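Residue numbers (the numbering used here): 46 to 175.
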């Protein structure tokens, strides 16, 4: 009887964590993501690319996104998730003047996001504390 009660309590405590896994891809993107580092860049490019990555951010708010990169004005527009698997998203950023940028984002847990920039390279981002 004591074991059953402990198992029941453990199950009930785990339910919120399991329920959190059912968030939609759009819900999981919400908030601000700050650049942390780059992966798989050539050694001669890595230090410069790391500095660039640490100066960038994505902010997802509803259907709007703000993309900030060093030495440029922030870009504001809308976005749409065009494909989604459990942890990988194909996201289309729509600029106000009509241009569209497609990016592949990989969610790694609740607080890491990997922007796949091509040729096996990526920018690793972390969720900003609110």
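Glycine is no exception: its CB is placed at the ideal position from the N, C-alpha and C atoms.
Only a predicted model underlies this, so the values are computations on that prediction, with no experimental measurement involved.
With a cut-off of 8 Å on Cβ pairs, the stretch 68-88 is in contact with the stretch 100-112, counting three or more such pairs. A residue is called buried when at least 16 other Cβ atoms come within 10 angstroms of its Cβ; residue 98 meets this threshold and is buried. By the Cβ criterion, the stretch 112-128 is in contact with the stretch 136-143, since at least three pairs of Cβ atoms, one from each stretch, lie closer than 8 Å.
Check the Cα spacing between residue 153 and each of 90, 91, 76 and 132: the tightest is with 132. Bounds of any alpha helix (DSSP H) do not take in residue 75, whose DSSP letter is neither H nor E.
Distance from the Cα of residue 174 is smallest, within the candidate group 111, 70 and 76, for 76. Straight-line measurement puts the Cα of residue 149 at about 16 Å from the Cα of residue 171.
The bridge partners DSSP lists for residue 83 are 168. Buried is the label assigned to residue 73, since at least 16 other Cβ atoms lie within 10 Å of its Cβ. Residue 124 is positioned such that its CB atom lies closer than 8 Å to that of residue 108. If you draw a straight line from the Cα of residue 87 to the Cα of residue 167, it comes to about 12 Å. DSSP places residue 116 in the coil class of the three-state scheme, outside both helix and strand. Of the residues 146, 68 and 84, the one whose Cα lies closest to the Cα of residue 111 is 146.
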